[in-house]
Structures are given as structure tokens and as C-alpha cells.
Amino acid sequence: MEECQVSTSDKLNKILQDDCATEIEALVFGLWTDDGIFASIINALVAANEKLTNLKAIFIGDTKNSEWISPIAPSNLSRILEAYPNLEVLQVCGSNRYQEYVWLKFTPPLTHKNLKALIVESGGLSHQSINHICKLELPALEYLELWLGSDYYGGDSSISDLMPIISGAFPKLKYLGLRNSGYSNNIAFAIANSSIIENLVELDLSIGTLNDDGAKALLDCPVINSLDTLNISNNNVSNMMIQRLEQLEIEVVSD
Numbered sequence: 028m029e030e031c032q033v034s035t036s037d038k039l040n041k042i043l044q045d046d047c048a049t050e051i052e053a054l055v056f057g058l059w060t061d062d063g064i065f066a067s068i069i070n071a072l073v074a075a076n077e078k079l080t081n082l083k084a085i086f087i088g089d090t091k092n093s094e095w096i097s098p099i100a101p102s103n104l105s106r107i108l109e110a111y112p113n114l115e116v117l118q119v120c121g122s123n124r125y126q127e128y129v130w131l132k133f134t135p136p137l138t139h140k141n142l143k144a145l146i147v148e149s150g151g152l153s154h155q156s157i158n159h160i161c162k163l164e165l166p167a168l169e170y171l172e173l174w175l176g177s178d179y180y181g182g183d184s185s186i187s188d189l190m191p192i193i194s195g196a197f198p199k200l201k202y203l204g205l206r207n208s209g210y211s212n213n214i215a216f217a218i219a220n221s222s223i224i225e226n227l228v229e230l231d232l233s234i235g236t237l238n239d240d241g242a243k244a245l246l247d248c249p250v251i252n253s254l255d256t257l258n259i260s261n262n263n264v265s266n267m268m269i270q271r272l273e274q275l276e277i278e279v280v281s282d
């Protein structure tokens, strides 16, 4: 594991020594098996901010569908936002190895004027992590994707934790993905009774527990046709309900 960690640091240091480092716009860090590597990546990125002056996108834990989600020790991503005020895309994929800790933090709450996309993929996203995200001031945020996960992996959130988002905490949102959820029906009910759909282009509730009750709430929502796309794939919605949804004036993804 130490060799893997050194290899990751060495590769980044080699990149930083190149004269073209200031032109790099995106960095991708792939799969690992030791949660300590994640912390070393954050430390290295923060230390390199004066070199990576044109960095716009960071992907940490980028994996293929066939790969498992890497473990992540408790980490503070506010440090990355502070170090890169021009960052536009931040994507993190990881699992909560220690359920007694909040593995993903954004503290202190801060304002980031340029972040347009925030993606957090997890087998279990804690309610504290969601609360930290909701307290961020992200006036340019257009794309928010959260994988909520199960309680077994530390995903102990509930619909009340998501209400600031559903109520318009990020007014420029065009895509909202609340995926991999054990309470998809509650999410659908809350969204159907909010005004957030009026501004969304795509609502993604895929890989969840949505059934016909939640789907009907969306179907009966007066402004559902304001969407371009509704993604309810990999849920528990019946074929009959899917056929009803497909009569809407929007694209319905229901694989």
C-alpha cells in the first residue's frame, strides 16, 4: 500500500515539474485500496495550487462500473475549494469505511463563486455530509449529484436533510440527481410539492427505491412537463406506471 501511495504522489509531482503544469485544466485520480491515499491526494492538491493555476476540474476516485468504490478516511473538501477558487467541477467517489466518523466534510461553510458541478458518489452519505453541502454558498452551481446510499454504509440521511436543496438552496440548478436512495418515494413527494422542477432540465432519481406511489406523485405534479428528462431507471416502478409517465411531454428514462 505504501508503494501505491508513493506512486500517486510521485506521479503528481512529476506533472508539477512540467513546464505545462499551469495549462492543466483537469486531473483524474482513479481506484485505490488504502483510505490514507485519499488524504494524501487532498494534501498534495492543496500544496500544488500555485502551480495548477488553470485547474477547472478534479475527479477523485474515478472508477468503472465493474470496480468497487474506494475507501475514504474522514476528509475535508473545503480545503480544495479554498485552494482552487476557479474550480468548476468537483467529483468524489468513495465509501465510508468508519461508520462512526463523517467521511466527507465541507467545513467551514464557504462561498465558491465558480463551482458549476458537484458530484458525490457513495455507498452511504451521512446526514452530516449533506448538511455541510447545504450550507455551502455556490451561486454558480448548475449540476448537483448525490448518491445517498444505505445505512449499512453510513448513509443515515432522511428527507429533512435534503429539504434545503429541494427548497432552492442552489437556485441555478439545471440537473438534480438524488440517486442510490433508500427513500426515493419521500424525495419524489417532496419534489412534487416544491417549485424546484420549474428550473430543472433533468431530475435523476435512478438506482433507488421509487415505486408507483412516488412515480404517481411526479406524474400528478402540475409542472412536471417543465423538465426535459426524468430518470427513474433501476427502481421499482411498474410497467403500467412507466407507460403512463411516457405519455408526458418529456423524456422518461426507465431502463
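Every letter in the sequence shown is one number past the one before it in the working numbering, and letter 185, counting from 1, is 212. Note that the Cβ used here is the ideal one computed from N, Cα and C, for glycine as well.
By the neighbour-count criterion, in which 16 or more other beta carbons inside 10 Å mark a residue as buried, alanine 242 falls on the buried side. The alpha helix (DSSP H) runs of length 4 or more contained entirely in the region 108-173 are, from start to end of the chain, 154-161. By the Cβ rule, the region 242-256 does not count as touching the region 173-192, because fewer than three pairs are nearer than 8 Å.
When rounded, the separation of the alpha-carbon atoms in isoleucine 146 and isoleucine 277 is 24 Å.
Secondary structure note for phenylalanine 86: its beta strand (DSSP E) is the uninterrupted segment 84-87. For the alpha helix (DSSP H) assignment, the uninterrupted runs of no fewer than 4 residues enclosed by the region 216-251 are, from N- to C-terminal side, 239-246. In the displayed model, leucine 39 falls within a helix according to three-state DSSP. Only residues of its own chain outside the window of five on either side were considered, and among them Ser281 have a CB closer than 6 Å to the CB of isoleucine 269, listed in chain order. Classified as buried, cysteine 248 has 16 or more neighbouring CB atoms from the shown chains inside 10 Å of its CB. Threonine 256 carries a strand assignment under DSSP once its states are collapsed to helix, strand and coil. At least 9 Å separates the beta-carbon of histidine 154 from that of phenylalanine 133. Aspartate 46 sits exposed, since fewer than 16 C-beta atoms from the chains shown fall within 10 Å of its C-beta. Per DSSP, reduced to three states, the secondary structure at asparagine 263 is coil, with no helix or strand assignment. According to DSSP, residue pairing for arginine 206 in a beta bridge involves Trp174. Put simply, of Leu203, Tyr179, Leu237 and Asn220 the residue whose alpha carbon is nearest the alpha carbon of asparagine 266 is Leu237. Inter-residue distance for alanine 84 and glutamate 148 is about 16 Å (C-alpha atoms, whole angstroms). When beta bridges are read from the DSSP output, phenylalanine 56 appears opposite Ile87.
Leaving aside the five residues that flank leucine 142 on each side, the residues in its chain whose CB is nearer than 8 Å to its CB run, in chain order, Leu108, Leu114, Glu115, Val116, Leu117, Leu165, Ala167 and Leu168. Judged by DSSP in its simplified three-state form, glutamate 50 adopts helix.
Minimum Cα-Cα distance from alanine 71 among the listed residues Ser177, Leu175, Asn40 and Trp174 corresponds to Asn40.
Residue pairing of glutamate 276 in beta bridges, as defined by DSSP: absent, with no partner found. The beta-carbon separation of tyrosine 170 and alanine 144, rounded to 4 Å, stays under the 8 Å limit for a contact.
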